[in-house]
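Chemist:
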Amino acid sequence: MTLAAVHANTGDTAWLLAATALVLLMTPGLALFYGGMVRTKSVLNMLMMSFVSIALVTVVWLTAGYSLAFGEDAGGGLIGGLEHAGMAGLGPDSVQGTVPTLLFATFQLTFAIITAALISGAIADRAKFGAWLVFVPVWALLVYVPVAHWVWGPGGWILDRLGALDFAGGLPVEIASGASGLALCLVLGPRLGFKKDAMRPHNLPMVMMGAGLLWFGWFGFNAGSALGANGLAAAAFLNTLAAGCTGLLGWLLVEQRRDGHPTTLGAASGAVAGLVAITPSCGSVSLLGALVVGLAAGVVCSYAVSWKFKLDFDDSLDVVGVHLVGGIIGTLLIGVFAVDTMTGGAEGLLYGGGLAQLGRQLVAVAVVGAYAFTVTYGIAKVLDKAIGLRAHEDHEHAGLDLTVHAETAYDHGVLGHGAPVGSHPLLSAQKVKPQE
5 MTLAAVHANT
15 GDTAWLLAAT
25 ALVLLMTPGL
35 ALFYGGMVRT
45 KSVLNMLMMS
55 FVSIALVTVV
65 WLTAGYSLAF
75 GEDAGGGLIG
85 GLEHAGMAGL
95 GPDSVQGTVP
105 TLLFATFQLT
115 FAIITAALIS
125 GAIADRAKFG
135 AWLVFVPVWA
145 LLVYVPVAHW
155 VWGPGGWILD
165 RLGALDFAGG
175 LPVEIASGAS
185 GLALCLVLGP
195 RLGFKKDAMR
205 PHNLPMVMMG
215 AGLLWFGWFG
225 FNAGSALGAN
235 GLAAAAFLNT
245 LAAGCTGLLG
255 WLLVEQRRDG
265 HPTTLGAASG
275 AVAGLVAITP
285 SCGSVSLLGA
295 LVVGLAAGVV
305 CSYAVSWKFK
315 LDFDDSLDVV
325 GVHLVGGIIG
335 TLLIGVFAVD
345 TMTGGAEGLL
355 YGGGLAQLGR
365 QLVAVAVVGA
375 YAFTVTYGIA
385 KVLDKAIGLR
395 AHEDHEHAGL
405 DLTVHAETAY
415 DHGVLGHGAP
425 VGSHPLLSAQ
435 KVKPQE
């Protein structure tokens, strides 16, 4: 047995194996969450955008993404090297901290997967599936990978030089996906009938089931980021539970006061908002801080989701209102509620740390948000000109499930008894060809 193998802690390894599986489960959970929120005619397309992200990001991550994100810094704290391209040099005895490096790489892969999948909610019902297949790997390499290196990679400038804190992904996951979703929905434009037609969730039980799976998986997301079965993981676990609860309650309180009734969609959205906000801060704040972070996210995000109607951008499933806004709240509040018993040194404004840490968090939020938005906007513009991002108007009217995937989510006689897709009245009447 090699010396490196002796240093791999079996307890830490067992916990991270479980945490990795939990985080991977979040992407199917997200698929259900998003799938329930769209109309019946595009449910399968929404599910597919999440599921295909698993395959696309995995290939990118194993070939080059992991090395660029977590390889030795190639200079300036901006990107890693390619020494581990194709997972070169990472055998079963290689160790990262107290866990096998291959396990650490897989754990980080699951973060990259769900981050890409999150973006799909901003462009639901109207994006070409073929364009999504191209966008995801390009985006993962040009946006997620560099930001992950800045925040977590060896020599990354946000962690090592700026000193901003992000325990489990407020910057590379939540803010990057939210800012990227905003860029994409601006390039694509609004759905047909936006602000005119009712676009209510078609299946709220599915939404609640998806939210439950997300919450379950989030314990692996946050507590797993301790990279060990230890007290920090336990604290992050409890903070995650607490923030999800106060996020849920905060959203419902706003709904009751504003609309006169609490809703199941609000409960699911509020829990997710609280979980989003505690993601960067779960390893930095006390339990009291976690309760406040979750409550702040639930309240603020419940108002933020309506901004799209005032500012006239169609963020279909509120990626901007929940993930971007919630990620900003959680990342900034580290500068207010961080305690040295969690961080090992850094303290927030309320605990004697002054404004310094808050300033660092603000710089990190601004740079990551601007970078993700700008690069994503550029990618989207190039792809739009090259292959087109927007689905054909007839496809959008008929529904992407039928026109893209030749399937429907529910058997209501849409395809009849074995009728070929081309014989469907929506297709024949509108002369719609299946989308390539």
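Each number in the working numbering comes from the position in the sequence shown (counting from 1) with 4 added on.
Even glycine gets a Cβ: it sits at the ideal position worked out from N, Cα and C.
Keep in mind that this is a model prediction, so the values were computed, not measured.
Any idea if P209 is buried or exposed, counting beta-carbon neighbours within 10 angstroms, 16 or more meaning buried?
Modeler: Under this definition P209 is an exposed residue.
Chemist: Quick check: what's the CA-CA separation for F55 versus G358?
Modeler: Each residue's Cα considered, the two are about 44 Å apart.
Chemist: What does a CB cutoff of less than 6 Å around A300 pick up in its chain, not counting 5 residues either side in sequence?
Modeler: These residues qualify, in order along the chain: I333.
Chemist: Under a three-way DSSP split, which group does P104 fall into?
Modeler: Three-state DSSP puts P104 in a strand.
Chemist: Note down the Cα distance separating G85 from W65, rounded to an integer number of angstroms.
Modeler: Their Cα atoms are separated by approximately 13 Å.
Chemist: Which residues in the same chain have their Cβ closer than 8 Å to the Cβ of T102, if we skip the five residues on either side of it in sequence?
Modeler: Contacts found: H11, A12, N13, D16, T17, L231, G232.
Chemist: Determine whether the beta carbon atoms of V177 and L122 lie at a separation below 9 Å.
Modeler: The answer is yes: Cβ separation under 9 Å.
Chemist: Alpha carbon to alpha carbon, how far is H401 from M53? Give it in angstroms, no decimals.
Modeler: Going from the Cα of M53 to the Cα of H401 covers about 19 Å.
Chemist: Using the three-state DSSP reduction, which class does D164 fall into: helix, strand or coil?
Modeler: Of the three classes helix, strand and coil, the one that applies to D164 here is helix, per DSSP.
Chemist: I believe F335 touches L175 by the beta-carbon criterion, under 8 Å. Please report the beta-carbon distance rounded to the nearest angstrom.
Modeler: Rather than Phe, the amino acid found at residue 335 in this sequence is Thr. Going by Cβ atoms, the distance from T335 to L175 rounds to 6 Å, so yes, they are a contact pair.
Chemist: Compare the beta carbon distance of V326 and L186 with 9 Å and say whether it is the shorter of the two.
Modeler: The answer is no: Cβ separation not under 9 Å.
Chemist: Buried or exposed: P96, going by 16 or more other Cβ atoms within 10 Å of its Cβ?
Modeler: Result: exposed.
Chemist: Here's the rule: buried if 16 or more other CB atoms are within 10 angstroms of the residue's CB, otherwise exposed. What is T268?
Modeler: The residue is exposed, with fewer than 16 neighbouring Cβ atoms inside 10 Å.
Chemist: Apply the 10 Å Cβ neighbour rule to A277 and answer buried if 16 or more other Cβ atoms are within range, or exposed otherwise.
Modeler: Looking at its Cβ environment, which holds 16 or more other Cβ atoms inside 10 Å, A277 is buried.
Chemist: Report the rounded CA-to-CA distance for G228 versus D344, giving the unit in angstroms.
Modeler: Taking the straight line from one Cα to the other gives about 20 Å.
Chemist: Quick one: is F313 buried, meaning 16 or more other Cβ sit within 10 Å of its Cβ, or exposed?
Modeler: Result: exposed.
Chemist: Measure the alpha-carbon distance for T62 versus A35 and round it to whole angstroms.
Modeler: In a straight line, the C-alpha of T62 is about 17 Å away from that of A35.
Chemist: Tell me, to the nearest whole angstrom, how far the beta carbon of L353 is from that of V340; I am working on the premise that it is less than 8 Å.
Modeler: That belief holds up - the Cβ atoms of L353 and V340 are roughly 5 Å apart, short of 8 Å.
Chemist: Rank G80, A370, L256 by C-alpha distance to the C-alpha of L153 and give the top, closest one.
Modeler: Residue identity check: residue 153 is His in the sequence provided, not Leu. For H153, the nearest C-alpha among the options comes from G80.
Chemist: Is the beta carbon of V371 less than 9 Å from the beta carbon of F225?
Modeler: Result no, Cβ atoms of V371 and F225 do not sit closer than 9 Å.
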